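Engineer:
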Amino acid sequence: MSIEDLYKKGYTVLPSLISAETCDKLAAYLNKSIEESGDLPYNYIKGHDQLRLPSKGADIPEEIVLNDKIHGILREVFGKSYYMYSYTCNANTASRDQPFHMDCTHFHPISTIRDFGSPGPPVQIIVNTYLQDTDESNGSLDMVPGSHLNTYFEMGENGEIEDKYIGKSQRCNFPKGSVIIRDKRTWHRGTKNPSGKARYMVGTSYAMNWYKLSNLTFDASAEEILYDVPFSTWNIRYE
0 MSIEDLYKKG YTVLPSLISA ETCDKLAAYL NKSIEESGDL PYNYIKGHDQ LRLPSKGADI
60 PEEIVLNDKI HGILREVFGK SYYMYSYTCN ANTASRDQPF HMDCTHFHPI STIRDFGSPG
120 PPVQIIVNTY LQDTDESNGS LDMVPGSHLN TYFEMGENGE IEDKYIGKSQ RCNFPKGSVI
180 IRDKRTWHRG TKNPSGKARY MVGTSYAMNW YKLSNLTFDA SAEEILYDVP FSTWNIRYE
């Protein structure tokens with residue numbers, strides 16, 4: 000794990016950072032949520048579904064959301080002025096791989112980046128947490144190292160990257176509780192999960208305060224937990 004990996008590869012990994020207790024408690028909550036949900040929103044292919052994480056204070060995974068090591072890395076990139084704009088979980092039961100894609104585009108036009116000579120540091124970062132041991136048997140994340148620096152490629156209408164640009168990818172096979180911190184410009188894909196059991200990967204996304212993206216809503220019982228946190232909370236509402 001290093002900040003250099005994040006800058007050069009587009010992601011860095013903290014293996015087994017989150018306790019089994021936190022992972023198991025959140026997975027149990029999500030299992031129940033899936034049972035009670037109808038059709039879920041998905042990314043590209045059905046089965047690469049998105050679940051809302053807990054809103055009530057007692058259920059919020061504080062060890063993930065408030066983790067000192069995670070926020071130490073985020074502060075190195077953003078300084079103190081950043082906020083959380085997405086709080087969700089990928090529930091993978093898919094029978095097919097996603098296309099390789101970016102979660103966000105470059106902040107400047109590609110022509111500008113080429114002339115300047117660099118796409119610059121991250122503006123958006125996502126923190127992914129595996130809630131179970133994860134590998135090819137249950138849909139581990141597939142990353143293209145260094146792709147966030149690539150400025151010679153084309154995207155499809157929905158942001159997918161054409162196969163001819165991909166090159167070598169790397170599967171993120173790691174134990175339960177492992178955390179993958181990635182620049183959201185880095186090319187990646189969710190892969191098929193043949194295990195017959197949902198594979199959970201938490202995703203909390205962060206951006207610098209000046210880059211306004213979205214608000215989050217939590218239950219009123221969460222206000223005390225989120226009152227004194229390592230990130231700005233200007234976009235959080237309680238109900």
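To convert, note that position 212 of the sequence shown is 211 in numbering that gives the first Met the number 0; the numbers rise steadily by one, no gaps. Note that beta-carbon positions come from the ideal geometry of N, C-alpha and C, so glycine has one too. All of these numbers come straight from a predicted model, not from anything done at the bench.
#1: Please give the ranges of any beta strand (DSSP E) in the segment 28–55, keeping only runs that are unbroken, at least 3 residues long and fully inside the region.
#2: What's the gap between the Cα of Y129 and the Cα of P14?
#3: Could you tell me the boundaries of the alpha helix (DSSP H) in which V178 lies?
#4: Look up L140 in the DSSP assignment and give the residues it is bridged to.
#5: By alpha-carbon positions, which one of Q49, T104, G166 ends up nearest to I124?
#6: Do the segment 149–159 and the segment 62–75 make contact, defined as three or more Cβ pairs closer than 8 Å?
#7: Would you mind working out which of D218, Y237, I235, S117 sits nearest A57, comparing C-alpha positions?
#8: Return the first residue and the last residue of the beta strand (DSSP E) that V12 is part of.
#9: Exposed or buried, F115, counting other C-beta atoms within 10 Å across all chains shown (16 or more means buried)?
#10: Taking only the alpha-carbon atoms, compute the straight-line gap between T150 and I109 and give it to the nearest angstrom.
#11: Kindly identify the DSSP beta-bridge partner or partners of N127.
#12: Below 8 Å on the Cβ atoms is my contact criterion, and I expect S180 with I72 to pass it. Report the Cβ-Cβ distance as a whole number of Å.
Structural biologist: Result, derived from the coordinates:
#1: 47–51
#2: Position 130 of the sequence shown, counting from 1, holds the residue named residue 129. Position 15 of the sequence shown, counting from 1, holds the residue named residue 14. Cα to Cα, Y129 sits roughly 10 Å from P14.
#3: By one-based count along the sequence shown, residue 178 stands at place 179. No alpha helix (DSSP H) holds V178; the beta strand (DSSP E) holding it covers 178–182.
#4: For the purposes of this step, residue 140 is taken as residue 141 along the sequence shown, with counting starting at 1. Beta-bridge pairing links L140 to C171.
#5: In the sequence shown, the residue the question calls residue 124 occupies position 125. For the residues Q49, T104, G166, the minimum Cα distance to I124 belongs to T104.
#6: no
#7: Within the sequence shown, the letter at position 58 stands for residue 57. Here the closest residue by C-alpha is D218.
#8: Residue numbering aside, residue 12 sits at position 13 when the sequence shown is read from its first letter. Where V12 is concerned, the enclosing beta strand (DSSP E) stretches over 10–13.
#9: The residue you call residue 115 lines up with position 116 of the sequence shown. F115 should be labelled exposed.
#10: Mapped onto the sequence shown, residue 150 falls at position 151. Mapped onto the sequence shown, residue 109 falls at position 110. Answer to the nearest angstrom: the Cα atoms are 6 Å apart.
#11: Within the sequence shown, numbered from 1, the residue matching residue 127 stands at position 128. BP columns for N127 point to I179, G202.
#12: Along the sequence shown, one-based indexing puts residue 180 at 181. Along the sequence shown, one-based indexing puts residue 72 at 73. It should be pointed out that residue 180 corresponds to Ile in this sequence rather than to Ser. That belief holds up - the Cβ atoms of I180 and I72 are roughly 6 Å apart, short of 8 Å.
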